[in-house]
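Chemist: Residue 26 in full-length UniProt numbering sits at position 26 of the sequence shown; the count goes up by one each step and never skips.
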Amino acid sequence: LLEREVVNYDDIEALLGPPPFGPKKMIAPQSWVEAERDKQDTGEDEPRRPQRPLRKDKDDDINLSPA
């Protein structure tokens, strides 16, 4: 880490060894860019979920200041 500014997946695998549960599924950056472009072209987008109001627990009202 002191010799390099950027450490990639292959560097980490060389240091630690292969992952115990098989190789990671690697996605080429270009295929991701193309998929995002296709998604925008078709208007596909995940529908937004309505945001739920934050729940206030009774524990939130505890005064933590020193006695």
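The beta-carbon is built from N, C-alpha and C at its ideal position, and this holds for glycine as well.
#1: So for P29, helix, strand or coil by DSSP?
#2: Quick one: Cα of P29 to Cα of L16, how far?
#3: Where do the N-terminal and C-terminal ends of the alpha helix (DSSP H) with E3 fall, by residue?
#4: Give the single residue among M26, F21, P20 whose Cα lies nearest to the Cα of N8.
Modeler: With the given structure in hand:
#1: helix
#2: 24 Å
#3: Taken as a continuous stretch (DSSP letters only), E3 belongs to no alpha helix (DSSP H), as it is neither H nor E.
#4: Of the candidates M26, F21, P20, M26 places its Cα closest to the Cα of N8.
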